[in-house]
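In our numbering, the protein residues as written are 201 to 482.
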């Protein structure tokens, strides 16, 4: 058991806070770095980077979204390794680095993965599918509350994964050096289209939730209408294009099984339990 605090970058995000919880439950000391932490850290302000890794040899890195943020994360990893960081566990994305499934939206993630590999630090890369919590902790929660999932996913399916499973995987690989140099793709146990997701959410909440398949450009327009800059709106559209073009219709649940020795959680179970928390109560 390590007595050196593990550094968590992105410790307030959907995966980062779950990693913190998992490590704390195992009695492992952690240290988070953010704009609100005691020692301020900002991905976009390189003057805040110095000393971030002091006292830590291992870090969990959940990078910011978008090409600019991923580029900053790559620069930080190189600096951190030069300052003494010895191990990095990186949150990436399923499909990154797979030529048969490659999309331009993944290019910056490929570059970050390579920066981690070239940093000189030991590394593990984890590539999860889309999070189930996107419907309960992210912008899609508003769609669920409104009773209509308005996205441009077409009839494509995704193998949605519970972020709690991701947190469990991350904590496990952070503590076990045998996972060094490994890349794990993670998914739930089955694929679901957005129409099937809407049906699952309807059953869990007891009210009708529909799926409205938007034209991709209409999707951009609607996202800009709620305040997203065009570049961010187009990035969201491009992520949904991976599903829309049926490039996510495969399982990677063996990654969860290999690391944890158990099956990943099913969407139905997650939706029922999440509904009981009241997050979707109007």
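All residues carry an ideal CB built from backbone N, CA and C; glycine is no exception.
- Beta-carbon to beta-carbon, residue 323 and residue 270 are separated by about 16 Å, too far to satisfy the 8 Å threshold.
- In this structure, the beta-carbon distance from residue 398 to residue 439 does not fall below 8 Å.
- Residue 351 and residue 321 do not touch by the CB rule: their CB atoms are close to 37 Å apart, not below 8 Å.
- The straight-line gap separating the alpha-carbon atoms of residue 456 and residue 326 is approximately 10 Å.
- For residue 413, no alpha helix (DSSP H) encloses it; the enclosing beta strand (DSSP E) starts and ends at 410 to 413.
- CA-CA distance, residue 406 to residue 383, rounds to 39 Å.
- Listed in chain order, the beta strand (DSSP E) elements of length 3 or more contained wholly in the region 285 to 356 are 287 to 291, 322 to 328 and 348 to 351.
- One thing to note: residue 223 has its Cβ no nearer than 8 Å to the Cβ of residue 253.
- DSSP links residue 231 through a beta bridge to 207.
- Residue 362 counts as buried, since no fewer than 16 other beta carbons sit within 10 angstroms of its beta carbon.
- In this structure, the straight-line span from the alpha carbon of residue 229 to that of residue 258 is close to 11 Å.
- Residue 468 places its beta carbon less than 8 Å from that of residue 400.
- Contact holds between the region 261 to 279 and the region 311 to 321, because three or more Cβ pairs, one in each stretch, are under 8 Å apart.
- Measuring C-alpha to C-alpha distances from residue 465 to each of 342, 369, 210 and 267 identifies 369 as the nearest.
- Shown here, residue 358 sits in a strand according to DSSP, grouped into three states.
- Bridge pairing for residue 259: 207 and 288 [DSSP].
- For residue 384, DSSP records a beta bridge to 326.
- Excluding five sequence positions before and after residue 460, the CB atoms of its chain that fall closer than 8 Å to its own CB belong to 365, 368, 369 and 372, given in chain order.
- Cβ-Cβ distances below 7 Å link residue 310 to 296 and 297 in the same chain, with the five nearest sequence neighbours on each side left out; the list follows chain order.
- Excluding five sequence positions before and after residue 256, the CB atoms of its chain that fall closer than 8 Å to its own CB belong to 204, 205, 206, 207, 231 and 285, given in chain order.
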